[in-house]
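Structure first, commentary second.
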Amino acid sequence: MYAIKMLLLSPPPTSLVPPHRNIYPNTQLFKRNGSHAPLKVLAMAKQSSESRNDVAEKAAIIGGLVSTPVIGWSLYTLKTTGCGLPPGPGGSIGALEGVSYLVVVGIVGWSLYTKSKTGSGLPNGPFGLLGAVEGLSYLSLLSILVIFGLQFFENGSIPGPLPSDQCFG
59 MYAIKMLLLS
69 PPPTSLVPPH
79 RNIYPNTQLF
89 KRNGSHAPLK
99 VLAMAKQSSE
109 SRNDVAEKAA
119 IIGGLVSTPV
129 IGWSLYTLKT
139 TGCGLPPGPG
149 GSIGALEGVS
159 YLVVVGIVGW
169 SLYTKSKTGS
179 GLPNGPFGLL
189 GAVEGLSYLS
199 LLSILVIFGL
209 QFFENGSIPG
219 PLPSDQCFG
């Protein structure tokens, strides 16, 4: 019982900072209702785990992971034979090759657009796969430019998008 009386009779706690002293030297004080108070700044970051482009990110990851090896195979075939990939059954391999080039150009375009708007490239995505696909797409584009340039300087042209008599006649 004596301890309870001691708590009730103890003086109220005091602040270590004297009143009306600016403890934050770089903050501006403003007057509110006759008293000075430090300016409070609240900053919130956008959550990156859930984004609006979740479906587009997953499509880009799948498309990029399929497209970059197809482009590597296509560029190797172009450099060694002078022709692109064969049409395949029903033109399926040739179609996959063409779509792969479009996917890589699309990912690079999306990355450049995002870079111009936000100052950074695409988000990492789940397990960092979108960032990896972005990097692979830039490497694929660089490889395309190099191999197509070599093909043009060696043969005077690059093969067209449709099978020709020269390659698959």
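Numbering-wise, this note's numbering comes out as the position in the sequence shown, counting from 1, plus 58.
C-beta: ideal position from N, C-alpha, C; glycine also.
Item	Value
Check whether the Cβ atoms of Val162 and Ser198 lie closer than 8 Å to each other.	yes
Excluding the 5 residues preceding and the 5 following Ser125 in the sequence, name in chain order all residues of the same chain whose CB lies nearer than 6 Å to its CB.	Ser158, Val161 and Val162
Got a sec, what are the start and stop residues for the alpha helix (DSSP H) Leu200 sits in?	Leu187 to Asn213
So, using beta-carbon positions, are Gly152 and Pro221 closer together than 8 Å?	yes
On the CB-based measure, 16 or more other CB atoms within 10 Å of its CB, does Ser107 come out buried or exposed?	A caution first: Ser107 carries a pLDDT of 49, below 50, which makes its placement in the model too unreliable to give a value.
Alpha carbon to alpha carbon, what distance is there between Pro145 and Glu192?	28 Å
In whole angstroms, what separates the C-alpha of Leu179 from that of Leu200?	A quick correction: the sequence has Gly, not Leu, at residue 179. Rounded to the nearest angstrom, the two C-alpha atoms are 17 Å apart.
What whole-angstrom Cβ distance do Ile205 and Leu133 have, given they're in contact under 8 Å?	5 Å
Taking only three categories from DSSP, how would you classify Ile151?	helix
Report buried or exposed for Ala114, applying the criterion of at least 16 other Cβ atoms within 10 angstroms of its Cβ.	exposed
Contact defined as beta carbons within less than 8 Å: I believe Glu155 pairs with Gly167. What is the distance between those atoms, to the nearest angstrom?	With 8 Å as the limit, Glu155 and Gly167 do not qualify as a contact, their Cβ atoms being about 19 Å apart.
What do you reckon, are the CB atoms on Glu165 and Ala118 nearer than 8 Å?	It is worth fixing the name first, because residue 165 is Ile in this sequence and not Glu. Contact flag set, yes.
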